[in-house]
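If you read the sequences in order, they're chains Z and V. Note that our numbering has the first sequence beginning at 235, numbered continuously upward. Note that our numbering has the second sequence beginning at 235, numbered continuously upward. Let me begin by presenting the structure, written as structure tokens, before commenting on it.
2 protein chains.
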Amino acid sequence: MEPLNVGIVGLGTVGGAAARILLESADHVARRAGRPVHLRRAVVRDLSKPRAVELPEGVLGTDPAAAVDDPEIDLVVQLIGGTDTARELMLASLAAGKDVVTANKALLAEHGRELFDRARELGRCIAFEAAVAGGIPVIRAVGEAMTANRLTGIEAILNGTSNFILTKMLAERRGYEDVLAEAQRLGYAEADPAMDVDGTDAAQKLILLTELAMGTRVPLDAFPRQGIDHLLLDDLLLAHELGYVVKLLAVTKLANGQLEMHVQPTLVRIDRPLAQCDDAYNMIALDGDAVGRTWYAGAGAGGMATASAVVADVVDVAAGRAKPTFDRLDLWGDIPPLPVQPAEEIERRFYLRFTVEDRPHVFADIADILGRQGISLASIIQHESPEETDDDGPPTVPLVVMTHRTTEGQLRKADEELQNLSSVKPPTVRMPVAD
Amino acid sequence: MEPLNVGIVGLGTVGGAAARILLESADHVARRAGRPVHLRRAVVRDLSKPRAVELPEGVLGTDPAAAVDDPEIDLVVQLIGGTDTARELMLASLAAGKDVVTANKALLAEHGRELFDRARELGRCIAFEAAVAGGIPVIRAVGEAMTANRLTGIEAILNGTSNFILTKMLAERRGYEDVLAEAQRLGYAEADPAMDVDGTDAAQKLILLTELAMGTRVPLDAFPRQGIDHLLLDDLLLAHELGYVVKLLAVTKLANGQLEMHVQPTLVRIDRPLAQCDDAYNMIALDGDAVGRTWYAGAGAGGMATASAVVADVVDVAAGRAKPTFDRLDLWGDIPPLPVQPAEEIERRFYLRFTVEDRPHVFADIADILGRQGISLASIIQHESPEETDDDGPPTVPLVVMTHRTTEGQLRKADEELQNLSSVKPPTVRMPVAD
Chain Z
235 MEPLNVGIVG LGTVGGAAAR ILLESADHVA RRAGRPVHLR RAVVRDLSKP
285 RAVELPEGVL GTDPAAAVDD PEIDLVVQLI GGTDTARELM LASLAAGKDV
335 VTANKALLAE HGRELFDRAR ELGRCIAFEA AVAGGIPVIR AVGEAMTANR
385 LTGIEAILNG TSNFILTKML AERRGYEDVL AEAQRLGYAE ADPAMDVDGT
435 DAAQKLILLT ELAMGTRVPL DAFPRQGIDH LLLDDLLLAH ELGYVVKLLA
485 VTKLANGQLE MHVQPTLVRI DRPLAQCDDA YNMIALDGDA VGRTWYAGAG
535 AGGMATASAV VADVVDVAAG RAKPTFDRLD LWGDIPPLPV QPAEEIERRF
585 YLRFTVEDRP HVFADIADIL GRQGISLASI IQHESPEETD DDGPPTVPLV
635 VMTHRTTEGQ LRKADEELQN LSSVKPPTVR MPVAD
Chain V
235 MEPLNVGIVG LGTVGGAAAR ILLESADHVA RRAGRPVHLR RAVVRDLSKP
285 RAVELPEGVL GTDPAAAVDD PEIDLVVQLI GGTDTARELM LASLAAGKDV
335 VTANKALLAE HGRELFDRAR ELGRCIAFEA AVAGGIPVIR AVGEAMTANR
385 LTGIEAILNG TSNFILTKML AERRGYEDVL AEAQRLGYAE ADPAMDVDGT
435 DAAQKLILLT ELAMGTRVPL DAFPRQGIDH LLLDDLLLAH ELGYVVKLLA
485 VTKLANGQLE MHVQPTLVRI DRPLAQCDDA YNMIALDGDA VGRTWYAGAG
535 AGGMATASAV VADVVDVAAG RAKPTFDRLD LWGDIPPLPV QPAEEIERRF
585 YLRFTVEDRP HVFADIADIL GRQGISLASI IQHESPEETD DDGPPTVPLV
635 VMTHRTTEGQ LRKADEELQN LSSVKPPTVR MPVAD
């Protein structure tokens, strides 16, 4: 059979690993693809950079046009970051009659609709398994395996960096900054980790999964998003004492025709599968009306793991599976978007930590205010040992309360009243609890 | 677009649920399939049986030929058990130009090669996601998502009935027979549970996964297979004390060009994902050379969960994804089969429980014999409390030993010598420990 000719644009960790698989496992890939897959062009910014993979002569170059405009190339594997150049390049590739494989979730979260519409107009396809959860085939699960189901829920750990940091903080009783520095040394965190630790990366991935699972559109600012960058070890330890692990949980639930969505540090009961997803691993739980809950876990990042997803997409294009799948995705179609529930109305259980002066009646005052807002309490921890204080004021202690189901709105109102209590000092920490 | 016309043969728990999804979620299925999917015929043995699904007029009948020979039908969903009639029916369906979706793992394990060859000759396809692990899309994971990888290992819980019984035995400290009776009442175990609890069902599924993952052929008697039907609660409790959970683990490892395979009650360290797969759930871990380990979990049985997989296959056929996938599966192709390592040579750690007389030097005698066979010990438990004895002999106590890596062959030789020790009474229990 005719070979599939591939051009890779971007030969970083993932691109280099994908090139390596295509070259070193060529026979295996050809068998699974039903035809040879030839790496014809690899485009980089800087030719002088050392690479983990040795390319055949004539393959490496610096001009993306060499891949996009080469009529022999059938498929462009686009593995550059950012959104502007990436968008232009993808539009040019599609216009030139090429299918595209990408791992760029930011690009799809921002310009997905335009790109997908364009691909459909031109009869091409875009495959993007690697854009969410690295080597875990969750795009396939949602787009192909769960087609018999109406999906009603997603609960996931989608950012490996955050999960690595949270795991280490708890296991080794270390502070956030300390573990972040180690994660950067080990390559689990970027030099600029902002998008990972502030929840943006997980939120972009959740949007893609939600749009794919529920055939809707969700803007990034439609739901609450918090990262792990302000978490304190104390809260991880207190939560653990209560039988919970704190995870950066990305959640979508569909009920009564509206979406509940949030990406937040969340308490997960210690015996739940998501609580047991440690280190840089990702895990996704999907709820379907027929199958119930299924779980998918593995390496959510890293060169070879993500390249595994990229090359699987390349094989799908070669085998003729990618286009029929792409044509039938609900993603960015004409379905009217589902309303997203306002943050204030989302009803959940909460972990609240107050910093209180160690004197009589403090708890009664707090419980009174919470009670008047209709917030009832499920459990309480107050330790005896006073915390050290930075200033010379009276000693303070942490007071931890687990509420029954309540809303952000009720909590906000309670907060306003609590600020008037002289015995309650900032900060008050609030984290939701997974159902 | 032209509708896909479907005939279902066998309207039991799974068939009934599949029919329900096709009827009640017809719009959803049509959107994901890219065309309408019509249930044109449903064939049952007994028309008078009550059914969970109401079928349109003219659909229900008792003659399989009405589905197989109807020129309007494109796809036969074959959901009957057994292997003889099922084989004939599948061959007839293929010969009549129909694609086939099946959940019958026994049929594929026994006659897969013949059926696949025939389908290929005729240009048809067979889809069988539902044959392994019910609603968990592991056939897709192996056949489509992991195509960039050479798969080197499978470690799985594939029998929900056994896993339910093991979970309950440990959690509620109950004996095997007692929990089995409950599982039968709850519908988790068949009236005749033999194939589930003796390891046959898990072994058939492991064979299918292994053949698919490694492009080889494995007969059922090529590897050790044991069920949970002789397990004692005592061993589950002792293992737990050592930090392990006993699972009916189905394992394939590819190393040095040969396969290590076994289906046996196995000790799994309590913090491992497979140890945390409880109740009737299934979990599969796959090792790929690029992606590392990925995990898949969910309901491994049950009508709606299995029907989710059946209908996903129907959608794949309708969407044109099933045939390119089927054509490229390594399953039962022309690759020479990999040798399977003889049971005697498999090297693992083992849990050994001896029943010994409570008198001096017993442990020294056992340790001496094990040591002479090169079996070294990692840990030991001997409790003080004597067991009650049925006869009037001296009291016996359990002595539990965890070995370092050794082989079944070495253990068998040690066993022969141990039988000569008057202080060691039958039975000696032996279970492998997962790496």
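Cβ coordinates follow ideal geometry from the N, Cα and C atoms, glycine included.
Helix or strand or just coil, what does DSSP make of residue i?
i: D333 (chain Z); result: strand
i: T450 (chain Z); result: coil
i: K487 (chain Z); result: strand
i: P270 (chain V); result: coil
i: L493 (chain V); result: strand
i: E389 (chain Z); result: strand
i: M429 (chain V); result: helix
i: S610 (chain V); result: coil
i: A515 (chain Z); result: Sequence inspection shows Tyr at residue 515 (chain Z); the Ala mentioned does not correspond to that position. In this structure, Y515 (chain Z) counts as strand in the three-state DSSP scheme.
i: Q616 (chain V); result: strand
i: M235 (chain V); result: coil
i: V480 (chain V); result: strand
i: T296 (chain Z); result: coil
i: M403 (chain Z); result: helix
i: L289 (chain V); result: coil
i: T434 (chain Z); result: helix
i: P558 (chain V); result: helix
i: I370 (chain V); result: coil
i: G241 (chain Z); result: strand
From residue i to residue j, what does the alpha carbon distance come to, in whole angstroms?
i: R593 (chain Z); j: G522 (chain V); result: 59 Å
i: T381 (chain V); j: A552 (chain Z); result: 12 Å
i: H272 (chain Z); j: G477 (chain V); result: 50 Å
i: S410 (chain Z); j: G643 (chain Z); result: Looking at the sequence provided, one finds Tyr at residue 410 (chain Z) rather than Ser. Whole-angstrom Cα-Cα distance: 29 Å.
i: M636 (chain Z); j: A447 (chain Z); result: 32 Å
i: P499 (chain V); j: L482 (chain V); result: 4 Å
i: V485 (chain V); j: S396 (chain V); result: 16 Å
i: E236 (chain Z); j: G250 (chain Z); result: 25 Å
i: G526 (chain V); j: I391 (chain Z); result: 18 Å
i: V634 (chain V); j: L470 (chain Z); result: 38 Å
i: R199 (chain Z); j: A365 (chain Z); result: This structure gives no information on residue 199 (chain Z), because the portion of chain Z shown stretches from 235 to 669.
i: R555 (chain V); j: N393 (chain V); result: 29 Å
i: T319 (chain V); j: H262 (chain Z); result: 37 Å
i: A668 (chain Z); j: Y585 (chain Z); result: 10 Å
i: I360 (chain V); j: H496 (chain V); result: 27 Å
i: K402 (chain V); j: D513 (chain V); result: 7 Å
i: A473 (chain Z); j: V479 (chain Z); result: 6 Å
i: A260 (chain V); j: G532 (chain V); result: 24 Å
i: R358 (chain V); j: F560 (chain V); result: 9 Å
For residue i, which of the options has the nearest alpha-carbon?
i: R352 (chain V); options: V:A601, V:W566 and V:R664; result: V:W566
i: Q607 (chain Z); options: Z:P570, Z:R587, Z:Q575 and Z:E650; result: Z:E650
i: A535 (chain V); options: V:I614, V:G449, V:A423 and V:T630; result: V:A423
i: F362 (chain Z); options: Z:Y585, Z:G346, Z:K283 and Z:G241; result: Z:G346
i: F588 (chain V); options: V:A364, V:D547, V:L652 and V:A251; result: V:L652
i: T386 (chain V); options: V:D435, V:E445, V:N397 and V:A428; result: V:E445
i: T528 (chain V); options: V:V413, V:P507 and V:V240; result: V:P507
i: P453 (chain Z); options: Z:L356, Z:R358, Z:A473 and Z:L493; result: Z:L493
i: L645 (chain Z); options: Z:A405, Z:P632, Z:V663 and Z:V631; result: Z:V663
Examine the ligand PLP and report whether any of its heavy atoms sits within less than 8 Å of the Cβ of residue i.
i: E424 (chain Z); result: Here there are no bound small molecules, and the ligand PLP is not part of this structure.
With residue i as the anchor, note down where its beta strand (DSSP E) starts and where it stops.
i: G536 (chain V); result: Segment: none, G536 (chain V) is in no beta strand (DSSP E) and carries neither H nor E.
i: R583 (chain V); result: E581 to E591
i: V631 (chain Z); result: T630 to T637
i: L525 (chain V); result: Note on identity: in this sequence residue 525 (chain V) is Val, with Leu being the wrong assignment. No beta strand (DSSP E) holds V525 (chain V); DSSP gives it neither H nor E.
i: L309 (chain V); result: L309 to Q312
i: T662 (chain V); result: V658 to V667
Between which two residues does the alpha helix (DSSP H) holding residue i run?
i: R347 (chain V); result: K339 to L356
i: I569 (chain V); result: No alpha helix (DSSP H) holds I569 (chain V); DSSP gives it neither H nor E.
Could you say if the stretch 361-371 of chain Z and the stretch 527-547 of chain Z meet the contact criterion of at least three C-beta pairs nearer than 8 Å?
-> Touching, yes, given that three or more Cβ pairs across the two stretches are closer than 8 Å.
Count the C-beta pairs between the stretch 308-322 of chain V and the stretch 338-347 of chain V that are closer than 8 Å, then say yes if the count reaches three, no if not.
-> Under the 8 Å Cβ criterion, the stretch 308-322 of chain V counts as touching the stretch 338-347 of chain V, having at least three qualifying pairs.
Are there three or more Cβ pairs, one per stretch, closer than 8 Å when the stretch 483-490 of chain Z is compared with the stretch 597-617 of chain Z?
-> The answer is no - the stretch 597-617 of chain Z does not touch the stretch 483-490 of chain Z, with fewer than three Cβ pairs under 8 Å.
For the stretch 261-280 of chain V against the stretch 236-245 of chain V, are there 3 or more C-beta pairs whose distance is under 8 Å?
-> In the pairwise beta carbon analysis, the stretch 261-280 of chain V is classified as touching the stretch 236-245 of chain V: at least three pairs are separated by under 8 Å.
Using 8 Å as the Cβ pair cut-off and three pairs as the minimum, do the stretch 282-289 of chain V and the stretch 554-574 of chain V touch?
-> Judged by Cβ distances under 8 Å, the stretch 282-289 of chain V makes no contact with the stretch 554-574 of chain V, as fewer than three pairs qualify.
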